[in-house]
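Working notes, beginning with the structure itself.
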Amino acid sequence: GQVKLTLNLHFASRYIEHGLGRVRLSLAHDFMPPHFDTVWGDDASHPAKKLVNNGSDKDWNWVSGDDHPIHSGKRSRLQKSTTDRIVQHYFNEAHDPITVNKDDQFYVWAWLDPENPPKTVMLQVHSAGSWEHRAYWGEDLINFGTLGVDTPGHRPMGDLPKTGEWVRLQVSADQIGFTPGNVIDGYAFTQFGGHCYWDDYGISGYGQTLELETLLTGPTTLQDERTSSLLRDLYRARHSPEYKVMLQEIAEQQKALEQLNGKIPTTLVASERMDMRPARLLARGQYDQPLGEPIPPKVPSFLPPLPEGAPANRLGLAQWLTSSDHPLFSRVTVNRIWQQLFGTGLVSTSEDFGAQGEWPSHPELLDFLATDFIDRDWNLKQFIRSLMLTDTYCMETVITPESLDKDPRNRYLARGPRFRLDAEMIRDQALFLSGLLVEKMGGPGVKPYQPDGLWKAVGYVDSNTVKFVQDKGESLYRRSVYTFWKRTSPPPYLAIFNAPNRETCVVKRERTNTPMQALLLMNDVQYLECARVLAENLLTDVSELSDRDKLQRLWRIATSRTPADDELDELAIFLNSMRDRFLSDPTAAKELLSTGEMPRDMNLNETEHAAWMLVCSLVMNLDEVVMKG
């Protein structure tokens, strides 16, 4: 729209006969708009999370009320010194740094106490990790920069301002060493002695960025979309309250998004180089003694060559591995899956298919499975399902004297697979049986129960893992795959069951049977807590059932089969003996029930609960529960 310009003219002359004649108005070609203030901080908001008082962690000294002068808002800041010394409020690392434009000025409002004024006041500006941008008023007493020298890091601005009223301390950006394009992220308000109130502060200027100045002074028309958009945004930001609110909301959402992204765990990733790193033969493996010309990437000569057209990089390597004529990759893969399901691979040395490895027990079967796996487009889920539906996998695990004599290691598959579960499966199964398992997927590593002091013995003094800090809540019951792993001190409840320490890749785990494993299952906090919660479930969910029916239900939960009568008789005898024990020693029952972080049902009889807890522990320690098959 149009702009209405109103002028008030006043003429004065010592000659009465003189009067006002003609007035001429014109617009200057290089018209410069007036300065306006951008308030960076006031009592309601500040651009930094941490506001520092005199270099300590204390907050700024805010004051309000009729007893204190206030320039803007509802409060101001009081800095005072009982003796002649330096006091200061400051901040840096602002959330929203400011870019310096041409002719910008930094300002702050100050009120000097007339009864006890400071001898010097100073405004400092922080940029690019440096505070070497200072202006001071009054005596040269603040030894920031070089005393007695006029530099951008120590710029004298004249006498001390008037006392007893609000004064604007202002300095041009170029006077203290700034050029357009510099970014500032902090202010410091410093005084030497006395009392001084400080209030709103910011930057004053035309508000024109370098880009906007170029557009305004260059041969650009308003019909240019980019120019029009920039001018429109600038006008709205200066004159539209609704637009300012919208910008503030956008800034808050962007800040929230940055905080959210900062909480997401990150990890190292690979990135492709623009050029391939040269590889050379090394003299006795010494990296600084290369021999001859660079060696191009190739595959072993005793194996098939790269597929035609395959690039000599990781993609080409993947194409080579999954090609139909590769003799190893599919066989190694199906053998590893067979090992997971049957306990031992068709090639028992699954970690070594070379000359030192064992010959396949069923070479034709291995060839068929490998070929079928390729024909099914490498579908692991379908392959595992097909193995688990075979008669061989579903056979009974009963060992007859004849089969034991002819095939003690079950290499010829005379019976179904039977072997101890892996470490992670044993713990996860106990959590699942008790209903404690948290099946949530993903997230950072967790630190469930483990004995105190294990990390301290192997941790460096300054390491963030020198001391084990146990997690709380659902982190105690996450699947074992999410356990935080310290390689020099693996979780003991996994290491005891032969979990590898992860210092090297292990294709085939060892399986041992030791007394330590039984002691762990009977005494570890995690397993006792699982037994306690499982017992609580039995006593609350099926409280109306008889002891024998509860025992039968417990057995079916743990073993997936109905117990025999003699098995139930043994459990009933054990249950009654535990009742007698805890009836005579209630303190022991209470101490046993305090195991673990999960709160227990205080309405249950402690003697009954403790007795059933040990029965559950007994069942969960059965060979049938910790063994596959």
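141 is the number of the first residue of the sequence shown in the working numbering; add one for each residue after it. By construction, the Cβ of each residue, glycine as well, lies at the ideal position given by its N, Cα and C atoms. In this text, all values refer to a predicted model and were calculated from it rather than measured experimentally.
Over what stretch of residues does the beta strand (DSSP E) that includes residue i continue unbroken?
i           : result
residue 218 : 216-231
residue 248 : 245-252
residue 540 : Looking at the DSSP string, residue 540 is not in any beta strand (DSSP E), and its letter there is neither H nor E.
residue 275 : 274-278
residue 178 : 176-181
By Cβ distance, which residues of its chain are closer than 6 Å to residue i, with the 5 residues on each side in sequence left out?
i           : result
residue 610 : 587
residue 333 : 221, 224, 258, 259
residue 643 : 627
residue 319 : none
Counting C-beta neighbours from all protein chains within 10 Å, is the total for residue i 16 or more, i.e. buried, or is it exposed?
i           : result
residue 246 : buried
residue 340 : buried
residue 380 : exposed
residue 690 : buried
residue 570 : buried
residue 141 : In this prediction, residue 141 has a pLDDT of 38, which is less than 50 and means its spatial position is unreliable; what the coordinates show is noted afterwards. Classification for residue 141: exposed.
residue 633 : buried
residue 255 : exposed
residue 274 : buried
residue 486 : buried
residue 327 : buried
residue 473 : buried
residue 267 : buried
residue 534 : exposed
residue 390 : exposed
residue 755 : buried
residue 698 : buried
residue 231 : buried
residue 736 : buried
residue 499 : exposed
residue 205 : exposed
residue 650 : exposed
residue 93  : For residue 93 there is no data in the structure shown, the boundaries of the chain being 141 and 769.
According to DSSP, is residue i helix, strand or coil?
i           : result
residue 268 : coil
residue 341 : strand
residue 193 : strand
residue 171 : At residue 171 the pLDDT is 48, less than 50, meaning the model places this residue with poor confidence; the figure from the coordinates comes in the next sentence. Correct three-state label for residue 171: coil.
residue 143 : Low confidence applies here, because residue 143 scores a pLDDT of 49, under 50, leaving its location unreliable; read the following figure in that light. Here residue 143 sits in coil by DSSP.
residue 150 : coil
residue 768 : strand
residue 552 : coil
residue 633 : helix
residue 756 : helix
residue 406 : coil
residue 335 : strand
residue 644 : coil
residue 294 : strand
residue 316 : helix
residue 375 : helix
residue 234 : coil
residue 639 : coil
residue 652 : coil
residue 328 : strand
residue 370 : helix
Between which two residues does the alpha helix (DSSP H) containing residue i stretch?
i           : result
residue 311 : Unbroken run through residue 311 is the beta strand (DSSP E), 306-312; no alpha helix (DSSP H).
residue 385 : 381-403
residue 200 : Counting along the chain, residue 200 falls outside any alpha helix (DSSP H), and DSSP gives it neither H nor E.
residue 450 : Looking at the DSSP string, residue 450 is not in any alpha helix (DSSP H), and its letter there is neither H nor E.
residue 188 : Unbroken run through residue 188: none, as it is neither H nor E.
residue 658 : 655-663
I'd like to know if residue i contacts chain E, where contact means its C-beta is closer than 8 Å to some C-beta of that chain.
i           : result
residue 622 : Absence of chain E from the displayed structure is noted, only one protein chain being present.
Residues in the same chain with beta-carbon distance under 8 Å from residue i, minus the five sequence neighbours each way, listed in chain order, please.
i           : result
residue 747 : 719, 722, 723, 726, 729
residue 715 : 687, 691, 751, 752, 755
residue 490 : 472, 475, 476, 479, 647, 648
residue 758 : 711, 714
Ignore the nearest five residues each way along the sequence and tell me which others in residue i's own chain have a CB closer than 7 Å to its CB.
i           : result
residue 674 : 573, 574, 756
What are the uninterrupted segments assigned as beta strand (DSSP E) that are 3 or more residues long and contained completely in the region 558-620, given in chain order?
none
Whole alpha helix (DSSP H) elements within the region 455-533, 4-residue minimum
469-482, 503-515, 520-528
Length-filtered (4 minimum) alpha helix (DSSP H) runs lying within the region 669-733:
687-699, 705-724, 726-733
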